[in-house]
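> Note that the working numbering has the sequence shown beginning at 3, numbered continuously upward. Even for Gly, the Cβ is constructed at its ideal location relative to N, Cα and C. Computed from a predicted model, the values in this text were never measured in an experiment.
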Amino acid sequence: MSSLHLYDTLTRTTAPFKSIKDGEASIYLCGATVQAPPHIGHVRSGVNFDILRRWLTKSGYNVTFIRNVTDIDDKILHKAVHEEMPWWAVAMKYERAFADAYDALNVMPPTYEPRATGHVTQMIELMQKLIERGAAYAPGNGDVYLEVRKLTSYLTLSRQKLDDLQPAADADETYKKDPRDFALWKAAKPGDPSWPTPWGAGRPGWHLECSAMAHTYLGEAFDIHGGGLDLVFPHHENEIAQSEAAGYPFAKLWMHNAWVTASGEKMSKSLGNSLQVAELLKSVRGIELRWYLGGAHYRSMLEFSMGALEESATAFRRIESFLQRSVEILGVQPTPVVNATFSDAMNDDLAVPTALAGIS
């Protein structure tokens with residue numbers, strides 16, 4: 003395989019990657035909601051898309067890579083009450099924790115890392131456009147909703163049927179035309195942070211944030227939108243809905259990494275089975291944790307165990323030791339060479355396990 007082929011969640015097919023602009027690749031990765039320390043499920047996404055970015059660069063593309071920070075959210079507000087801190091201090095605290103984790107795993111800094119709270123103006127502009135085009139409505143209580151029955155292509159990413167959906171749980175149904183309409187903007191509540199809009203003070207809905215920031219930094223159309231598999235619905239589905247309803251082509255290709263699991267269940271804070279990156283780095287080095295997380299195919303579930311992590315770290319140290327001894331004996335630094343077997347594997351939807359098999 004001579005050219006890069008990638009799997010598209012939207013079409014459920016693997017096809018040659020062709021960027022919108024020759025020689026340039028644009029990527030938007032959904033980053034963290036900064037309300038708790040990062041666990042390895044979070045940083046797997048960072049590692050997987052860092053590998054994609056590096057391989058695109060190696061393949062000759064000039065890559066623009068956006069990874070956002072969701073720094074206003076219900077979970078952040080709840081955490082602020084629990085920790086008795088201002089909401090913005092909670093967001094900043096955990097944003098730094100994520101930055102430290104990415105650095106420890108040698109994940110390259112994004113080209114831009116926009117915060118949601120810094121782009122409210124762009125969100126208001128997007129809502130205004132959606133209302134003018136008849137796709138969204140403001141019922142008068144300060145909320146703004148997207149009217150999903152106006153969207154002919156809604157649910158093409160997750161391949162669901164509208165009538166089978168449960169009501170969107172992001173706001174009170176009282177003011178909705180349809181229970182499945184989702185909130186673009188949430189009316190202000192006493193004591194919560196808010197921003198003024200023509201429809202009343204409030205704060206942004208989660209989905210609106212990413213569409214506005216992607217458009218701001220990458221334009222109306224860009225090459226790849228990435229994130230964890232759990233974001234396919236509702237987050238990415240709703241991003242597509244509101245962006246296309248505004249007249250933007252949005253992402254050309256959708257890529258999703260699978261979960262890290264523990265005892266067969268998705269690793270998450272809510273299930274109490276998550277392992278924080280900071281704790282694991284007491285047992286292995288950052289580069290060894292990266293080798294473990296990046297060594298599985300990005301679309302395969304990764305069942306975590308300390309035994310598997312330690313075995314992976316040992317394998318990495320074996321390769322590292324071999325290279326060090328070679329330098330000592332030969333007296334020359336190794337020259338990076340990408341052979342055809344490695345390239346073919348990486349071009350086959352980033353088949354990292356196959357690529358690594360040739361060197362380990």
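According to the neighbour-count rule (16 or more other Cβ atoms, all chains shown, within 10 Å of its Cβ), is A185 buried or exposed?
Against the sequence shown, residue 185 aligns to sequence position 183. A185 is buried by the Cβ-count criterion.
> Can you list the beta strand (DSSP E) stretches of 3 or more residues lying completely in the region 237 to 289, in chain order?
252 to 259, 262 to 264
> Bridge partners of T66, per DSSP?
Taking the first residue of the sequence shown as 1, we reach residue 66 at position 64. Answer is S28, bridged to T66.
> Are there 16 or more other CB atoms within 10 angstroms of the CB of S47, so buried, or fewer, so exposed?
Counting from 1 along the sequence shown, the entry for residue 47 is found at position 45. Counting Cβ neighbours within 10 Å, S47 comes out buried, since at least 16 surround it.
> Within the same chain, show all residues whose beta-carbon is closer than 7 Å to that of P355, passing over the 5 residues directly before and after it, in chain order.
On the sequence shown, residue 355 is found 353 positions in, with the first residue counted as 1. If we look at P355 and ignore the five residues flanking it on each side, its Cβ neighbours are G297, A298, H299.
> Apply the 10 Å Cβ neighbour rule to S276 and answer buried if 16 or more other Cβ atoms are within range, or exposed otherwise.
Start at 1 with the first residue of the sequence shown, and residue 276 comes out as number 274. It is buried - the Cβ of S276 has at least 16 other Cβ atoms within 10 Å.
> On the three-state DSSP scale, how would you describe W57?
For the purposes of this step, residue 57 is identified with residue 55 of the sequence shown, where counting begins at 1. Helix, per DSSP.
> Compare the beta carbon distance of Q162 and H209 with 8 Å and say whether it is the shorter of the two.
Residue 162 sits at position 160 when you count from the first residue of the sequence shown. Residue 209 sits at position 207 when you count from the first residue of the sequence shown. Not a contact, by the Cβ cut-off of 8 Å.
> Measuring straight from C-alpha to C-alpha, what distance separates T343 and S5?
Residue 343 sits at position 341 when you count from the first residue of the sequence shown. Residue 5 sits at position 3 when you count from the first residue of the sequence shown. Spanning the two alpha carbons is a distance of roughly 13 Å.
> Go ahead and pull the three-state DSSP assignment for M3.
Numbered from 1 along the sequence shown, position 1 holds the residue referred to as residue 3. Since pLDDT at M3 reaches only 40, below the 50 mark, its modelled position is unreliable, and no value is offered.
> Does the structure place the region 315 to 334 close enough to the region 250 to 270 that three or more beta carbon pairs sit under 8 Å?
no
> Of all the options E175, D76, I53, I68, which has the alpha carbon lying nearest to the alpha carbon of V36?
As a first step, residue 36 must be located in the sequence shown, where it is residue number 34. Out of E175, D76, I53, I68, D76 has the C-alpha closest to the C-alpha of V36.
> Taking only the alpha-carbon atoms, compute the straight-line gap between A175 and A203 and give it to the nearest angstrom.
By one-based count along the sequence shown, residue 175 stands at place 173. By one-based count along the sequence shown, residue 203 stands at place 201. The amino acid occupying residue 175 in the given sequence is Glu; Ala does not appear at that position. Their backbone Cα atoms lie some 19 Å apart in a straight line.
> Within its chain, find whatever has a CB closer than 8 Å to the CB of A101; leave out the 5 residues flanking it on each side and keep chain order.
Counting from 1 along the sequence shown, the entry for residue 101 is found at position 99. So no residue of the chain qualifies.
> May I ask you to list the residues that DSSP assigns as paired with I226?
Counted from its first residue, the sequence shown places residue 226 at position 224. I29, L255.
> Note down the Cα distance separating G207 from V329, rounded to an integer number of angstroms.
Translated into the one-based positions of the sequence shown, residue 207 becomes position 205. Translated into the one-based positions of the sequence shown, residue 329 becomes position 327. Their backbone Cα atoms lie some 54 Å apart in a straight line.
> Of all the beta strand (DSSP E) runs that stay within the bounds of the region 126 to 207, which reach a length of 3 or more residues?
Taken in chain order, the complete beta strand (DSSP E) segments of 3 or more residues contained in the region 126 to 207 are 146 to 148, 184 to 189, 204 to 206.
> Spatial neighbours of G228 within its chain, please: CB distance less than 6 Å, with the 5 preceding and 5 following residues excluded, ordered by chain position.
Locating residue 228 in the sequence shown gives position 226, where the first residue counts as 1. Within the same chain, G228 has close Cβ partners L31, F51, M257.
> Which first and last residues belong to the alpha helix (DSSP H) in which S343 is found?
Against the sequence shown, residue 343 aligns to sequence position 341. Checking the displayed sequence, the identity of residue 343 turns out to be Thr instead of Ser. Its alpha helix (DSSP H) spans residues 342 to 349.
> Out of G230, L255, F224, H80, which has the shortest C-alpha to C-alpha gap to S270?
Taking the first residue of the sequence shown as position 1, residue 270 is located at position 268. The option with the nearest alpha carbon to S270 is G230.
> Between which two residues does the alpha helix (DSSP H) holding A359 run?
Translated into positions along the sequence shown, residue 359 becomes position 357. That run of the alpha helix (DSSP H) goes 354 to 359.
> Is E86 helix, strand or coil by DSSP?
Within the sequence shown, the letter at position 84 stands for residue 86. Coil at E86, not helix or strand.
> What residue range does the alpha helix (DSSP H) around T316 cover?
Position 314 of the sequence shown, counted from the first residue, corresponds to residue 316. Per DSSP, T316 belongs to the alpha helix (DSSP H) from 308 to 332.
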